[in-house]
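Here is the structure we will look at, set down as structure tokens.
Protein chains in written order, with my numbering: chain A, 1386 to 1454; chain B, 4 to 283.
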């Protein structure tokens, strides 16, 4: 997995993983995403009061968590 | 309507099943397309990133279709999070509905809108037409770029990566976040700059030094973020009544199945949540 940023490609989403995602097979990509998702459950307590989309960013009363933007 | 890049190759069934959000989409869309995968999971679908914990859908403003989606969620033990109900009245006003459930060790969050920001009614209608036979239906790159122009700084690198998929010079000039790519495209298609500058004012600065264009891109991003912040702020302000009622609301629906939660939330919102919100 390359971790180098392609020359001249600024403003890219450049996680190490992102560089090869387009070249994975469906099975590889699915397995990868699933592993990431399972590991990401460990942070559920940290985003318990947050929203990712829509017209809310945090639950009322948790505005101190609102660090988007 | 600008040209879309090619749709991703159809995924294999096991690919759909291993992502619980894609599998959930199949249930939402049994017999009819009711919910289009959007935002984070659409980014996953387009192979841009694996890092999205939540599922987001654009849903039809149809009471029966929403009842079907609620029934699918109820079977899985979903409960409401604070927010608007999954109901045509509020969704049509631009509100979002948020639910979640546990699938073994996995927390699945499901977010719904019917009027996604920055998609015109014509674009939205075209999206429904385009995806009506898809399995799963997934928002395309251009519409996804529009959705990702949010108040969150972290969405803009994703926009930049999505724009990398574009091949049409006009689309690149409309959406790229890369000064290098914009200057390179402009050098070969200078005739497009003047007509497109009315849509994207920073194009009027070309030809210019790369640093100048980079500064213009930063300014544009901040303006886009401020615009979305104003939209969110308008909804949060309009939610004040519901926020005050939150304690009583959650006490009333605690431990109840989703159908009861939905009825309680709708009754509360009828008193506390305006349907129409004016955004400056």
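Glycine included, every Cβ here is placed at the ideal spot set by N, Cα and C. Values in this document were obtained by computation on a predicted structure and should not be read as measured data.
Residue i vs residue j beta-carbon contact at 8 Å
i, j, result
"residue 1455 of chain A", "residue 28 of chain B", "Lying before the first or after the last residue shown, residue 1455 of chain A is absent from chain A, which here runs from 1386 to 1454."
"residue 217 of chain B", "residue 182 of chain B", "yes"
"residue 112 of chain B", "residue 151 of chain B", "no"
"residue 82 of chain B", "residue 264 of chain B", "yes"
"residue 199 of chain B", "residue 185 of chain B", "no"
"residue 235 of chain B", "residue 1442 of chain A", "yes"
"residue 75 of chain B", "residue 115 of chain B", "no"
"residue 71 of chain B", "residue 110 of chain B", "no"
"residue 260 of chain B", "residue 87 of chain B", "no"
"residue 278 of chain B", "residue 118 of chain B", "no"
"residue 142 of chain B", "residue 130 of chain B", "yes"
"residue 120 of chain B", "residue 40 of chain B", "no"
"residue 237 of chain B", "residue 282 of chain B", "yes"
"residue 24 of chain B", "residue 58 of chain B", "yes"
"residue 85 of chain B", "residue 1444 of chain A", "yes"
"residue 190 of chain B", "residue 196 of chain B", "no"
"residue 20 of chain B", "residue 26 of chain B", "yes"
"residue 243 of chain B", "residue 271 of chain B", "no"
Burial state of residue i, where buried means 16 or more other Cβ atoms lie within 10 Å
i, result
"residue 95 of chain B", "exposed"
"residue 123 of chain B", "exposed"
"residue 99 of chain B", "buried"
"residue 103 of chain B", "buried"
"residue 73 of chain B", "buried"
"residue 101 of chain B", "buried"
"residue 1415 of chain A", "buried"
"residue 178 of chain B", "buried"
"residue 158 of chain B", "buried"
"residue 1418 of chain A", "buried"
"residue 1436 of chain A", "buried"
"residue 194 of chain B", "exposed"
"residue 1398 of chain A", "Below a pLDDT of 50, predicted positions are generally treated as unreliable, and residue 1398 of chain A, at 45, falls in that range; no measurement from the model is reported."
"residue 1408 of chain A", "exposed"
"residue 1392 of chain A", "With a pLDDT of 39 at residue 1392 of chain A, under the threshold of 50, the modelled position of this residue cannot be trusted; read the value that follows with caution. Exposed."
"residue 1447 of chain A", "exposed"
"residue 245 of chain B", "buried"
"residue 1388 of chain A", "Note that residue 1388 of chain A has pLDDT 34, beneath the 50 cutoff, so the model's placement of it is unreliable and the number below is only indicative. Burial call: exposed."
"residue 1449 of chain A", "exposed"
"residue 163 of chain B", "buried"
"residue 205 of chain B", "buried"
"residue 128 of chain B", "exposed"
"residue 166 of chain B", "buried"
"residue 160 of chain B", "buried"
"residue 258 of chain B", "exposed"
"residue 89 of chain B", "buried"
"residue 4 of chain B", "No answer about residue 4 of chain B holds up, because its pLDDT of 47 lies below 50 and its placement is not dependable."
"residue 1401 of chain A", "Legend: pLDDT at residue 1401 of chain A = 42, less than 50; position of this residue unreliable, no value from coordinates given."
"residue 146 of chain B", "buried"
"residue 207 of chain B", "exposed"
"residue 212 of chain B", "exposed"
"residue 125 of chain B", "exposed"
"residue 262 of chain B", "exposed"
"residue 273 of chain B", "exposed"
"residue 1386 of chain A", "Residue confidence is low: residue 1386 of chain A scores 35 on pLDDT, short of 50, so the model does not pin down where it sits. Its coordinate-derived value is still stated next. Counting Cβ neighbours within 10 Å, residue 1386 of chain A comes out exposed, since fewer than 16 surround it."
Expected contact under 8 Å - CB spacing of residue i and residue j to nearest Å
i, j, result
"residue 144 of chain B", "residue 168 of chain B", "5 Å"
"residue 108 of chain B", "residue 1426 of chain A", "6 Å"
"residue 1406 of chain A", "residue 51 of chain B", "7 Å"
"residue 192 of chain B", "residue 172 of chain B", "4 Å"
"residue 97 of chain B", "residue 269 of chain B", "Not quite, the Cβ-Cβ distance comes to about 17 Å (not below 8 Å), so this is no contact."
Residue i: CB within 7 Å of a non-hydrogen atom of the ligand COA
i, result
"residue 1438 of chain A", "In terms of ligand content, the structure shown is empty, and the ligand COA therefore cannot be addressed."
- Message: Contact between the stretch 62-71 of chain B and the stretch 45-54 of chain B is defined here as three or more beta-carbon pairs at a separation below 8 Å; is this criterion met?
- Response: no
- Message: Which runs of the alpha helix (DSSP H) at least 4 residues long sit entirely within the stretch 103-145 of chain B? Give them in chain order.
- Response: 124-134
- Are the stretch 217-232 of chain B and the stretch 246-265 of chain B touching by the rule of at least three beta carbon pairs closer than 8 Å? no
- Unbroken alpha helix (DSSP H) runs of length 4 or more, entirely within the stretch 162-206 of chain B: which are they? 172-178, 182-191, 196-200
- Does the stretch 153-171 of chain B come close enough to the stretch 229-245 of chain B that 3 or more CB-CB pairs lie under 8 Å? yes
- Message: If we require 4 or more residues per run, which alpha helix (DSSP H) segments fall completely within the stretch 21-101 of chain B?
- Response: 23-31, 42-48, 66-78, 91-94
- Mind listing, in chain order, the continuous alpha helix (DSSP H) runs of no fewer than 4 residues lying wholly within the stretch 244-273 of chain B? 249-256
- Message: Report the start-end ranges of each beta strand (DSSP E) in the stretch 1396-1448 of chain A that is 3 residues or longer and not cut off at the edges.
- Response: none
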